[in-house]
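Chemist:
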Amino acid sequence: MKKEFDDFTDEKLMCMVQKGDMDAFSELAQRYEKKLLSFLYRFVGSTAQAEDLLQAALLRVYRARRRFKGGGKFSTWLYTIAANLAKDYLRKTRRYRFVSLEAPVGQNTNLIDFYAAEGESASDAAQRKETSRMVRLAVSRLPEQQRLTVLLSHYEDMSYGEIARVLGCSKGTVKSRVFRAKMKLKEFLADYMAGKEVAPSDEVQQDDKTTASLSGP
Amino acid sequence: MKCSKTIKQLPAYLDHELSQREVKELERHLEVCVFCSTELAALRASSKMLDAWQGISPRQCYAHAVVNQIRAEERGVVERSRIGLRLLEGKWLSDILRASVAVVFLIGITVFSFRVPIEEGTDEVALETDDYPMPARELILPDADFRYSPISPSELGLVSGNVGRRAHFVKVSSGVSPTRATSDGHLLPASSSFSRVNHIYFPEEGMRMESVFPLELP
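The listed protein sequences derive, respectively, from chains A and B. Counting with our numbering, you get residues 4 to 220 for the letters of the first sequence. Counting with our numbering, you get residues 9 to 226 for the letters of the second sequence.
(1) Counting along the chain, where does the alpha helix (DSSP H) carrying residue 150 of chain A start and finish?
(2) What do you get for residue 42 of chain B, buried or exposed, if any count of 16 or more other CB atoms within 10 angstroms of its CB means buried?
(3) Closer than 8 Å is the cut-off here; do at least three beta carbon pairs connect the segment 42-59 of chain B with the segment 19-39 of chain A?
(4) If we define contact as Cβ-Cβ less than 8 Å, is residue 62 of chain B a contact residue for chain A?
(5) Quick check on residue 26 of chain B: does DSSP put it in helix, strand or coil?
(6) Do residue 77 of chain A and residue 14 of chain A have their CB atoms nearer than 8 Å?
(7) Applying a beta-carbon distance threshold of less than 8 Å, which residues of chain B neighbour residue 159 of chain A?
(8) Taking the straight line between their C-alpha atoms, what separation do you get for residue 148 of chain A and residue 25 of chain B?
(9) Hey, does residue 38 of chain B have any beta-carbon neighbour from chain A nearer than 8 Å?
(10) Would you verify that the beta carbon of residue 169 of chain A is, or is not, closer than 8 Å to some beta carbon of chain B?
(11) Between the Cα of residue 65 of chain A and those of A:32, A:158 and A:164, spot the shortest distance and give me the residue it belongs to.
(12) Residue range of the alpha helix (DSSP H) that residue 28 of chain A falls in?
(13) What residues of chain A sit near residue 9 of chain B, judged by a beta carbon separation below 7 Å?
(14) Identify which residue in A:177, A:173, A:161 and A:153 has its Cα closest to the Cα of residue 45 of chain A.
(15) Would you say residue 189 of chain A faces chain B, with C-beta separation under 8 Å as the test?
(16) Would you check if the distance between the CB atom of residue 41 of chain A and the CB atom of residue 64 of chain B is smaller than 8 Å?
(17) Take the Cβ of residue 177 of chain A as the centre, count every other Cβ of all protein chains shown within 10 Å, and call the residue buried at 16 or more, exposed below.
(18) Which residue from A:91, A:136 and A:34 puts its Cα closest to that of residue 47 of chain A?
(19) Which word fits residue 12 of chain B, buried or exposed, when buried means at least 16 other C-beta atoms lie within 10 angstroms of its C-beta?
(20) With residue 18 of chain A as the anchor, note down where its alpha helix (DSSP H) starts and where it stops.
(21) Over the uninterrupted alpha helix (DSSP H) stretch that includes residue 84 of chain A, give me the two end residues.
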């Protein structure tokens with residue numbers, strides 16, 4: 004019989020996981036699956052790697068369950084694990100990193116960006132797709148720590164205090180990283196608005212051909 | 009308040025990370041400074057543009073896949089300990105004794121019709137005999153701590169992916185050795201002797217991966 008977990012906080016569920024409750028773990032994993040996948044995808048730039056890292060992160064959460072401290076927030080702990088795995092992954096693969104030259108940047112488009120959202124006209128959708136492409140490029144050009152900080156702040160809606168805990172730095176450091184990242188993004192995107200193309204970075208993979216054929220709304 | 013200080017505060021202002029006092033001070037400056045107001049508008053616009061980059065949806069339920077993998081692993085641990093394989097771990101066992109225990113184990117699992125078939129002449133034991141049609145793809149084993157590949161556990165069930173210090177045993181049913189692929193697509197032949205595996209590539213669609221665990225248990 005499936006237990007009803009709707010009213011349970013993440014931390015309460017994690018406490019149950021520590022006592023060996025697999026259903027509680029399953030519930031937690033489902034709660035964060037989509038968010039975490041999107042976060043990893045934005046950080047490493049590849050759907051396939053994000054999916055692998057998501058599973059690796061969930062496995063690590065389970066295996067390290069006893070190390071979760073009851074007083075802390077589960078989401079902060081989860082993102083710390085996921086961010087560390089993703090950073091390790093980028094570090095290990097940096098030597099072999101490549102950007103596909105065959106596929107022009109314009110083709111590296113996630114299908115999800117392509118479909119018009121509800122109530123959106125085709126031209127609006129095309130515009131959003133183009134903006135999305137530029138945002139991806141702009142974010143990929145940020146140094147790793149700034150990129151992480153912006154992703155956590157803008158897309159994961161974390162406070163500077165939470166980001167500081169995830170990244171193991173001070174709130175002041177987060178604030179200055181956000182400042183530097185946002186100023187750079189503003190410049191990149193202003194260039195784009197002015198009609199200049201932003202060169203892709205070699206920091207993040209841009210290989211979403213698989214996504215285009217497999218994911219859809 | 010100077011413009012240079014105001015500019016530095018603008019992103020935090022938009023993120024609601026300033027104290028009330030700081031907000032008041034900043035807003036007083038913005039009322040009289042066209043330069044900083046323009047800068048704020050530009051930052052707001054670029055922040056809004058970030059929203060155009062939408063997230064992605066999982067192609068399958070990874071939560072279930074991971075839960076199934078953990079359950080399968082935990083079952084595997086129980087099965088192994090039940091048949092006394094842990095004896096193999098003992099440091100007090102001589103190599104000969106260890107080898108004979110392995111032989112007894114191999115005979116034992118045949119006699120008791122345990123699901124594990126034995127491949128003669130190899131040091132591999134297939135854990136699962138069912139076929140696993142497997143699309144050509146790159147497997148990434150991101151972490152040396154993982155005993156099993158975190159990749160597609162739902163498709164593959166108990167799969168190899170033994171990364172780290174111990175040797176890695178993989179067998180592909182067609183008899184073709186799996187190849188290791190670096191992320192630039194360069195394929196290297198794999199062997200059971202390399203100590204660290206990050207990438208395994210199954211070049212042909214529908215290839216099956218059968219085997220998997222080393223007799224030298226941890």
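Backbone N, C-alpha and C define an ideal beta-carbon position, used for all residues, glycine too. Values in this document were obtained by computation on a predicted structure and should not be read as measured data.
Modeler: Reading it off the structure:
(1) Where residue 150 of chain A is concerned, the enclosing alpha helix (DSSP H) starts and stops at 147-153.
(2) exposed
(3) no
(4) yes
(5) coil
(6) yes
(7) Under the 8 Å cutoff, chain B gives no residues; its nearest Cβ is about 10 Å from residue 159 of chain A.
(8) Going from the Cα of residue 148 of chain A to the Cα of residue 25 of chain B covers about 19 Å.
(9) no
(10) no
(11) From the listed residues A:32, A:158 and A:164, the smallest Cα separation to residue 65 of chain A is found for A:32.
(12) 25-47
(13) None at all; the shortest Cβ gap to chain A is about 16 Å.
(14) A:153
(15) yes
(16) Taking 8 Å as the Cβ cut-off, residue 41 of chain A and residue 64 of chain B qualify as a contacting pair.
(17) buried
(18) A:91
(19) Taking all protein chains in view, the Cβ of residue 12 of chain B is surrounded by fewer than 16 other Cβ atoms within 10 Å, so the residue is classified as exposed.
(20) 13-21
(21) 77-96
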